[in-house]
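For what it's worth, the numbering used here labels the leading residue of the sequence shown as 170, then goes sequentially.
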Amino acid sequence: MNGTPHAVNFDELVAYVTNADHYRDATRFAVWGGECSADQLPVFLKGWNLPNANMPYCIWETMSEMRFKAQTLPADVAELERGRVFGPRGDLSLRRDSERFLWHFVGEKGVNPPAEFDKAENDFWQAEPDAQFLMTEDTLLLWGERKDQQPRWFEDRVARAKLTYPIAGTPSGRAQVRYRAFTRAGQVELVWFMRLEEVQHG
């Protein structure tokens, strides 16, 4: 994925960071994290009721490929290295660490993990109840361009990659992920992928 370059308007930046409406704390969004064994992962995802219409986008990565699908579970947990399920309600990220998966969730206030993972040690706000983050929204440009209703997006620099993105209809041009970033003391600490969309021109 590519970041889209932006010119910096310092007056706008100062106005943004001094606006209290752009800050988020424990009353505004949920942050969870923990671990589960590889054997537990199917039950873990089922406990979240994922994927669903509020978190439909799925990225499943193995040693040999990365699949970007809509509302699809991983084909084989034994081969899974990373996973991400996201949408307007939240963003759940998974990363294999030997025979376990480390996970974290950023999303709407009131969204809780499955009962067996709904513990104080998994709730970020229990450890840092006074934390406050500046929230910004931006986009990440994805590899590839789609032309003439081709089934895939194509990019010369990664010509062998099978680039497919679950955008409804038959979009043309490029695709992007819209996300929210949460920074503290100038450092990005949390990222919430919100949705996949076609790049609009003009």
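Where is the CB? At the ideal position from N, CA and C, for every residue including glycine. Note that this is a predicted model, so its numbers are computed, not measured.
Query raised in the report: Quick one, are the C-beta atoms of PHE270 and PHE362 less than 9 Å apart?
Result: no
Requested in this report: Give the straight-line distance between the Cα atoms of THR241 and LEU359, rounded to the nearest whole angstrom.
Outcome: 24 Å
Query - Reference LEU219, options GLU250, GLU234, SER262, ALA199, closest by Cα - result: Residue SER262 is the option with its Cα nearest to LEU219.
Query raised in the report: Which class does ALA247 belong to by DSSP, given the choice of helix, strand or coil?
Result: helix
Requested in this report: Could you check the C-alpha separation between VAL368 and GLY256 for me, to the nearest Å?
Outcome: 17 Å
Query - Enclosing alpha helix (DSSP H) for GLY338 [first to last residue] - result: Looking at the DSSP string, GLY338 is not in any alpha helix (DSSP H), and its letter there is neither H nor E.
**Report entry** Which of helix, strand or coil DSSP assigns to LEU219
**Finding:** When secondary structure is reduced to three states using DSSP, LEU219 falls in the coil class, being assigned neither helix nor strand.
Query raised in the report: Helix or strand or just coil, what does DSSP make of GLN295?
Result: Here GLN295 sits in helix by DSSP.
**Report entry** Euclidean distance between Cα positions of VAL346 and ASP307
**Finding:** 9 Å
Requested in this report: Keeping to the same chain, check which residues put their C-beta closer than 6 Å to that of SER233; ignore five residues upstream and five downstream.
Outcome: Its chain contains no residue whose beta carbon lies nearer than 6 Å to that of SER233 once the 5 sequence neighbours on both sides are disregarded.
Requested in this report: Spatial neighbours of ARG253 within its chain, please: CB distance less than 6 Å, with the 5 preceding and 5 following residues excluded, ordered by chain position.
Outcome: Around ARG253: ILE228, SER262.
Report task. Quickly, what does DSSP pair GLU306 with across the bridge? List them, please. Result -> Beta-bridge pairing links GLU306 to ARG349.
**Report entry** Boundaries of the beta strand (DSSP E) in which LEU242 is found, first to last residue
**Finding:** Element bounds for LEU242: n/a, residue is neither H nor E.
Query - Cβ pair LYS278, ARG364 closer than 9 Å - result: no
Query raised in the report: Helix, strand or coil: which one does DSSP assign to GLU268?
Result: coil
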